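Trainee: Chains as they are written, first to last, in the working numbering: chain A, 1059 to 1300; chain B, 1059 to 1300. We treat Cβ as the ideally placed atom computed from N, Cα and C, and that holds for glycine. All figures in this text were calculated on a predicted structure; none of them were measured in a lab. Dropping a structure here in C-alpha cells format, bear with me for questions.
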C-alpha cells in the first residue's frame, strides 16, 4: 500500500471565492480533513469551508490545549503546545500510513505565521507534505481599504501586536507602510506605538477582511471597542507615483 | 446603456492553479483584456493566462514607453509614465462608457506594488473598479523554499532592491525575516547589504516562483549570474516555536 500525503491548504482571508483554484479542488474532493480550533468553538477555518465539503468527509478537529491562560514566556506554555502538536501529528501520520490523503485547513497563507507550520516541521522529513499558498489576511485587509498599500520603493513592515511597545514604535517609525496583526487585547499598546511613530492618524482598522461581516474604518474612528484577534491594522505607504 | 466595470485581477505568482476562483472565472469569461508589457515582448502577465481565454477576447496591450533608459529620479521619467497611464485610462474609459467590462491583468497582488495602481488611482473616482487580490509573488517564493517565513513574533520587512545600500542594510539588520524584490541589476548592492546585516549566509534566491522554470537556491550558491527582475530574496525568521 502506498502512503498518503498531507496537504497544508491555505484558505486565504475568508471569502471562499478568494481561495486558489488548487485549494478549491483539494477541499471539494477531500476525504480526510483536519483543522485547528479553540475548544468549544466551531473554528474560523472550518466555518470558511462550510458547504464545500464532500458528504462523507472525515473531520479531525485539533483543539488547542491552552490559549491565553498561560503566558507565552512560561515554559509550561511551550510544553503544553509541543505535546499537543505531537499528538496531532501522531494522528495524521496514522492516516497517511493507511494510504489516506489529509487536507489540513490553514487560515491565510500556511507559511506566513499560523499553526500549520508546527505540524509541518514535525512531519516534513518523514512523510509527503504539500503546501498550497494563499492570499494572506493582510492582502485581504489592504484590498478592503480601497487603497494600494505600497508604491515605488516603499518599505513594508509586518508587526505582531504581541511585541513590546518600544519595538513596535521604533519599527513603525522607520517604515513607510505598516501592517499590524494579532492585535486583540494589545490594541491600546499598538495605538500608543502608532502615535509615537506619527502614524496613528493614517492607520486603518480592518475586521474580518473579505467576509460578510467585514468592517473598514480609520483606527481613530474605531473608539474603544475591543477588536477581535483577527483584526488587522494597515498604514499605507505614500511612495513615488507618476 | 449601463456602463461597464474595470476588474483589476491579481494573477498570483504565476501558476494558473494558484489564481483565485474569482480570478479564474473572470479571466475565462472576459471579453476585453488589458495588460502591461515591455514593447516587443509578449509580457509575463499575458503569458500566465495563455490557454485560459475566450476565443473572441479583445486584447489591449499597454506598452511601457520607458523602462531603464531614463533614471527614475529624472522628471522626464515621471512625465513619460504619467502621459502613458493617462493614454491607457482614456482607452479603458471609452470601453467602460460603451458598457463593456474590462479585465486588467496584474502580476502578483494588485495593491502590493505593480503598475495597476497607477490606473486605479486615475479611474476609481469616475468609474466602477473592482480589485481581486491574489497570492503575492513573495508568498510563492517563500512557499518554494519549503520553510515557513515567519514564526511567533517575527518582524517581516519587505524591501525593494532599488533602495540605497545603507537603507537596505539598516532595515535588514533590524528585521527577523526579510524579503527583497525588484532585484535585477541591483543584485551586488543587495548582497553587500545582506552581508552588512549578517543575513547573507541564510538568504535564499527564488527565480520564477511557482512557474515551470522555478529555481530555489541559497543566495551564496547563486554565484555571479545575473538574476531577472522578478527574482525574490527571502531570509526566514527564526522566532518562537513550541
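Please name the residues in the region 1189–1200 of chain A whose beta-carbon is closer than 7 Å to at least one beta-carbon of chain B, in chain order.
Mentor: Those would be 1189, 1191, 1192, 1193, 1194, 1197, 1198, 1200, in chain order.
Trainee: With distances taken between CB atoms, is the gap from residue 1159 of chain B to residue 1062 of chain B smaller than 9 Å?
Mentor: Yes, they are a contact pair.
Trainee: Does any C-beta atom of chain B lie closer than 9 Å to the C-beta of residue 1148 of chain A?
Mentor: So no, residue 1148 of chain A is outside the interface.
Trainee: Have a look at the DSSP bridge pairing and note the partners of residue 1078 of chain B.
Mentor: Answer is A:1078, bridged to residue 1078 of chain B.
Trainee: Using the beta-carbon of each residue, which ones in chain A are nearer than 9 Å to residue 1136 of chain B?
Mentor: Those are 1298, 1299, 1300, listed as they occur along chain A.
Trainee: Applying a beta-carbon distance threshold of less than 9 Å, which residues of chain A neighbour residue 1213 of chain B?
Mentor: Correct list: 1215, 1216, 1217, 1218, 1221, 1225, 1229.
Trainee: How is residue 1215 of chain A classed by DSSP in three states: helix, strand or coil?
Mentor: Residue 1215 of chain A falls in the strand class under three-state DSSP.
Trainee: If you check the beta carbons only, do residue 1113 of chain B and residue 1163 of chain B fall under 9 Å apart?
Mentor: No; because the gap between Cβ atoms is not below 9 Å, this pair is not in contact.
Trainee: If residue 1269 of chain B and residue 1240 of chain B are in contact, beta carbons under 8 Å, what's the gap, nearest whole angstrom?
Mentor: Wrong, their Cβ atoms sit about 18 Å apart, outside the cutoff.
Trainee: Per DSSP, which residues does residue 1239 of chain B bridge with? Please list them.
Mentor: The partner list for residue 1239 of chain B (beta bridge, DSSP) reads B:1218.
Trainee: Determine the closest residue to residue 1088 of chain B out of B:1079, B:1183, B:1161, B:1294, with distance taken between C-alpha atoms.
Mentor: Ranking the options by Cα distance to residue 1088 of chain B, first place goes to B:1161.
Trainee: Quick one: grab the DSSP three-state call for residue 1072 of chain B.
Mentor: Residue 1072 of chain B falls in the coil class under three-state DSSP.
Trainee: Would you list the residues sitting across from residue 1095 of chain B in a DSSP beta bridge?
Mentor: B:1121, per the DSSP bridge assignment.
Trainee: Which residues, in order along the region 1254–1270 of chain B, keep a beta-carbon less than 7 Å from a beta-carbon of chain C?
Mentor: The question asks about chain C, but that chain is absent: this structure's protein chains are A and B.
Trainee: Have a look at B:1213, B:1258, B:1243 and flag the residue whose alpha-carbon is nearest the alpha-carbon of residue 1229 of chain A.
Mentor: Nearest C-alpha to residue 1229 of chain A: B:1213.
Trainee: Using only alpha-carbon positions, find the residue among A:1249, A:1283, A:1290, A:1185 that is nearest to residue 1264 of chain A.
Mentor: Residue A:1290 is the option with its Cα nearest to residue 1264 of chain A.
Trainee: Would you say residue 1141 of chain B and residue 1128 of chain B are within 9 Å of each other, going by their C-beta atoms?
Mentor: The answer is no: Cβ separation not under 9 Å.
Trainee: Mind checking which residues open and close the beta strand (DSSP E) that includes residue 1163 of chain B?
Mentor: Where residue 1163 of chain B is concerned, the enclosing beta strand (DSSP E) stretches over 1160–1164.
Trainee: Measuring straight from C-alpha to C-alpha, what distance separates residue 1242 of chain B and residue 1203 of chain B?
Mentor: One C-alpha to the other measures close to 20 Å.
Trainee: Pick helix, strand or coil for residue 1135 of chain A, following the three-state DSSP scheme.
Mentor: Three-state result, residue 1135 of chain A: helix.
Trainee: So if I threshold CB-CB distances at 9 Å, which residues from the region 1159–1175 of chain A count as touching chain B?
Mentor: Flagged, chain order: 1167, 1168, 1169, 1170, 1171, 1172, 1174, 1175.
Trainee: Which of the three DSSP states is assigned to residue 1066 of chain A in this structure?
Mentor: Residue 1066 of chain A: strand per DSSP, three-state reduction.
Trainee: When you compare only the Cα positions, how much space is there between residue 1276 of chain A and residue 1198 of chain A?
Mentor: In a straight line, the C-alpha of residue 1276 of chain A is about 16 Å away from that of residue 1198 of chain A.
Trainee: Checking contacts by CB at 9 Å: is residue 1232 of chain B closer than that to chain A?
Mentor: Yes - at least one Cβ of chain A is within 9 Å of the one on residue 1232 of chain B.
Trainee: Verify the CB distance criterion: does residue 1276 of chain A have a CB-CB separation below 9 Å to chain B?
Mentor: No, because no Cβ of chain B sits closer than 9 Å to the Cβ of residue 1276 of chain A.
Trainee: Return the residues of the region 1068–1080 of chain B that lie within a Cβ-Cβ distance of less than 9 Å from chain A, sorted by chain order.
Mentor: Within the region 1068–1080 of chain B, the residues whose Cβ lies closer than 9 Å to some Cβ of chain A are 1068, 1070, 1071, 1073, 1074, 1075, 1076, 1077, 1078, 1079, 1080, listed in chain order.
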